[in-house]
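Structure record follows, encoded as structure tokens.
Number of protein chains: 2
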Amino acid sequence: MSKKRVVIAGMGFGGLRAAKALSGSDFELIMIDRNNYHLFQPLLYQVATAGLEQEAIAYPLRGLTRRWPGSSFLLAEISGIDLEGKNVLTDAGPVPYDYLVIAAGSRTNFFGMESVGAHSFDLKRLDQAEDLRNHILLSFEHASREADPVRKAALLTFVIVGGGPTGVEFAGALRELIVHVLSKDHPEVSADETRIILVEAADSLLTAMPINLRQYACQKLHAMGVEVLLESRVVGATAESVHLHGGTVLSSHTLIWSAGVSAATLAGHLEGVERAAGGRIVVQPDLSIKEHPEVFVVGDIACTLKDGMPLPMMAPVAIQQGSYAARMICAREQGRSLPPFHYFDKGSMATIGRSSAVATAADFTVRGYIAWIAWLLLHLYYLIGFRNRLVVMMNWTYAYWFQERQVRLITSKKRRAASVL
Amino acid sequence: MSKKRVVIAGMGFGGLRAAKALSGSDFELIMIDRNNYHLFQPLLYQVATAGLEQEAIAYPLRGLTRRWPGSSFLLAEISGIDLEGKNVLTDAGPVPYDYLVIAAGSRTNFFGMESVGAHSFDLKRLDQAEDLRNHILLSFEHASREADPVRKAALLTFVIVGGGPTGVEFAGALRELIVHVLSKDHPEVSADETRIILVEAADSLLTAMPINLRQYACQKLHAMGVEVLLESRVVGATAESVHLHGGTVLSSHTLIWSAGVSAATLAGHLEGVERAAGGRIVVQPDLSIKEHPEVFVVGDIACTLKDGMPLPMMAPVAIQQGSYAARMICAREQGRSLPPFHYFDKGSMATIGRSSAVATAADFTVRGYIAWIAWLLLHLYYLIGFRNRLVVMMNWTYAYWFQERQVRLITSKKRRAASVL
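Protein sequence lines, in the order shown, are assigned to chains A and B.
Residue 1 is where the first sequence starts when you use our numbering, and the numbers rise one by one after that.
Residue 1001 is where the second sequence starts when you use our numbering, and the numbers rise one by one after that.
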């Protein structure tokens, strides 16, 4: 009798963990992704700020299939799922499954604002991070030979939308890039001429964190020279300006959007499946889809409730769900059942700058140097591949000692998506 | 009195060496390049074969201007030179000079064969190396799910044109990538199903080397599984085939062209300047242009004769000429003269594969392991930047021990230039 087949659609944190958990079991395992690598998204902002080379945060998926007998990888774009026929539909043909783990992740949500989508950068993909790095470096190149002071100021103004961990980390890293590297690279540009504006709709940054950490993050960013605009909303953008609710217009050639995500488009292509806010797929307590006990949904694309609230769209949730889905598949095969999925909140953290971070775990909070070290170690731990860990550690050490970032290469002067500059 | 200004047009090996030699002197130094980095071209083929990340062989030029007082960098495309008005014309405006070093390098020469230009990869730029890597990896992804055996074979056939060091090194590295990595990554593809065909018009490879080394290289490549076609010329190409003189057609989706270079287009934009074969600028014995003792031409774009023959277009020539031009500029300022430029041939080398290379210096030849170690050490020595040396050494060590190449990422499925796949 041939082995039963598990197909994993999407190899982000959730899919990767499910695959790893199933890799030793008696299933045929097929992993599908549109990229041939697993991307460590939490460090994308460091690629965008010239701190890491893009290769350091990506791990080739075929490096895993080589180690896992019975597993294989398919590089393909998934267009839909035939739930009745048990087929994943891809541009490389249909892939039949016995069990399916949908782990397609999320995409940036511009809340219907087309002008913002057309004129902003977001940080979901590797090429976007490289584009953003090129754009920031090119803005400095242009600013350093710009005679018009108004245009120069706009080239040197960077607007970041969204005060969650990504926005906070990016703002801090960009400020350090400018102060320690770019203003020294460009004698014609002083760090005081540059502006980094972090725009947040709520009344504080890092709203998921305790109040003392929110205040610390805000003060720290302020001390570093980042302007924080709270209770402000972006309502539109052009290539050279950002428009706020209330009529304020910021002259800026660079808009970075980290203010919202919604489920990957695949969620919308599933017929007869209930969806929640942000297009996320509503799942049963065991993460399966109603009437399809062989289909599990994990990570950002799944809407799981805890105390009546949807779980946040972040890596730890995806990892725990991926692991649970793998155990459920094994249990189903053996005719067993498992208790409903329960998310164990290990806490969260965000780094602000050199020697400075905030972290919370249970009722315990920590900030400053200790939190920063913890952040570094945890991110190294979660990276996959010995080589990637080594390269990242080397880069961090180098940056720490020399306050230098060597990856400041403009590899292309063209944006791959919409054009901004 | 203000300092006199030296402008260096192009920051390859020749320009970089000239700039370095002048960095301590009493000149204002302006370096111009279309990229914001110096590229170590001899290792581009390792980027294309997934052995090195692209950042490891590029060094940010502003890292140099920070260390060199009185120097500055301009990111610009040079469109021409006003020799009478002493102005370099760029897309960022004209740049006046007192002395000029033209070091614009070379471009690939397809000898007028448009179909080859449109359907081949060449290895001059960083993005081309990344494109070629993506294309090779993608060819294996497509081959591993291709049902048609004829199409599968074409996807797995790689034609390399030009039996000089670049062609030989690329052929060897590609073969190792396929045998040690890609055929293990793709269980559906055996290394025996792949073909690497190295096409050379002359009757041997590495024609600049002594006969015993030529034979060794040819035997070694053959033993590795590379097919060598001598006395063969490519006369045309389509996206899926390569046409040889005499009518032979090779079914192949990948054509790599390393069979010729000519001077950079800038050479053609200089009025009243004599040009030699390949469009190279004819220079005086002191590397200046006739009637323009303030303009020096170095590297691939210059045509310098030795014993009546033009010097080869390679890094050692450019480096020695860059150094000479800097000394000449200082001598001119002091009203002194220097003996004519004399190229000191330190020899040449090419690596074929793991533990295997050929090298020649004066009348001395060496091959095998010793030559390979010498090749590694010399390339590390000529790389600039401590960090780059460390990263490259780490990658080489890793590849040597684990026979693994971790940079096998498909970062884009689109070719930036003409489309092949």
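Positions of the beta carbon are idealized from the N, C-alpha and C atoms, including for glycine.
Item to check | Boundaries of the alpha helix (DSSP H) in which B:Y1382 is found, first to last residue | outcome: Y1369 to Y1382
Checklist entry - For the beta strand (DSSP E) that contains A:R195, what are its first and last residues? => result R195 to V199
Item to check | Nonlocal neighbours in the same chain, by C-beta distance under 6 Å from B:A1259, ignoring five residues either side | outcome: V1161 and G1162
Checklist entry - Can you name the start and end residues of the alpha helix (DSSP H) that B:F1073 belongs to? => result Run containing B:F1073: none in the alpha helix (DSSP H); it sits in the beta strand (DSSP E), S1071 to L1075.
Next on the checklist: Here's the rule: buried if 16 or more other CB atoms are within 10 angstroms of the residue's CB, otherwise exposed. What is A:V420?
Outcome noted: Reliability of the predicted coordinates at A:V420 is poor, the pLDDT of 32 falling under 50, and no value is obtained from them.
Item to check | Unbroken beta strand (DSSP E) run spanning A:L156, endpoints | outcome: Taken as a continuous stretch (DSSP letters only), A:L156 belongs to no beta strand (DSSP E), as it is neither H nor E.
Next on the checklist: Taking the alpha-carbon of B:S1190 as reference, which of B:L1198, B:A1056, B:V1179 and B:E1053 has the nearest alpha-carbon?
Outcome noted: B:V1179
Checklist entry - If you scan the region 1033-1071 of chain B from start to end, which runs of the beta strand (DSSP E) of 3 or more residues do you find wholly inside it? => result 1037-1039 and 1058-1060
Item to check | CB contact check: A:W401 to chain B, cutoff 8 Å | outcome: no
Checklist entry - With DSSP run on the structure shown, which of helix, strand or coil describes A:M31? => result strand
Checklist entry - Since B:R1066 meets chain A, which of its residues come closer than 8 Å, beta carbon to beta carbon? => result K184 and D185
Item to check | Bridge partner(s) assigned by DSSP for A:R107 | outcome: A:S262
Item to check | chain A residues whose Cβ lies nearer than 7 Å to that of B:S1412 | outcome: D127
Checklist entry - In chain A, which residues lie less than 8 Å from B:A1058 when you measure between Cβ atoms? => result L409
Checklist entry - What's the call for A:P96, buried or exposed, on a 16-neighbour Cβ count within 10 Å? => result exposed
Checklist entry - So A:P316 is in the beta strand (DSSP E); what residue range does that whole segment cover? => result Here A:P316 belongs to no beta strand (DSSP E); instead the alpha helix (DSSP H) covers A315 to E333.
Item to check | Against chain B: residues of the region 386-400 of chain A by CB proximity under 8 Å | outcome: R387, N388, L390, V391, M394 and Y398
Checklist entry - If you run the structure through DSSP and keep just helix, strand and coil, what is B:G1080? => result strand
Next on the checklist: I need the boundaries of the alpha helix (DSSP H) containing B:V1116, first residue and last residue.
Outcome noted: E1114 to H1119
Checklist entry - If you follow the alpha helix (DSSP H) that B:P1165 is part of, which residue opens it and which one closes it? => result P1165 to E1176
Next on the checklist: Under 8 Å, Cβ to Cβ, is there at least one residue of chain B near A:Q46?
Outcome noted: no
Next on the checklist: Let's see if you can read the secondary structure: which residues bound the beta strand (DSSP E) around A:A143?
Outcome noted: No beta strand (DSSP E) contains A:A143, which is instead part of the alpha helix (DSSP H) from L126 to A143.
Checklist entry - How many angstroms separate the CA atom of A:A418 from the CA atom of A:F140? => result Here the model assigns A:A418 a pLDDT of 38, short of 50, so the residue's position is not dependable and the matter cannot be decided.
Next on the checklist: My assumption, with CB atoms under 8 Å, is that B:Q1284 sits in contact with B:A1302. Please give the rounded CB distance.
Outcome noted: Actually they are not in contact, since the Cβ atoms of B:Q1284 and B:A1302 sit about 10 Å apart, beyond 8 Å.
Item to check | Same chain, Cβ closer than 7 Å to B:W1372, neighbours up to 5 away in sequence not counted | outcome: T1351, S1355, S1356 and A1357
Checklist entry - CB-CB under 8 Å to B:K1086, same chain, minus the five flanking residues each way: which ones, in chain order? => result P1096, Y1097, D1098, L1100 and E1294
Checklist entry - Would B:A963 count as contacting chain A if we go by Cβ distances under 8 Å? => result The first residue shown for chain B is 1001 and the last is 1421, placing residue 963 of chain B beyond what the model contains.
Item to check | Cutoff 7 Å; reference B:Y1324; Cβ partners in own chain excluding five residues on either side | outcome: L1287 and F1341
Checklist entry - By how many angstroms is the C-alpha of A:S144 removed from the C-alpha of A:E188? => result 5 Å
Item to check | CB contact flag (A:M313, A:S120, <8 Å) | outcome: no
Next on the checklist: My output table needs one value for B:K1290: the three-state DSSP class, helix, strand or coil.
Outcome noted: coil
Next on the checklist: Within the continuous beta strand (DSSP E) that includes B:Y1099, where are the two ends?
Outcome noted: Y1099 to I1102
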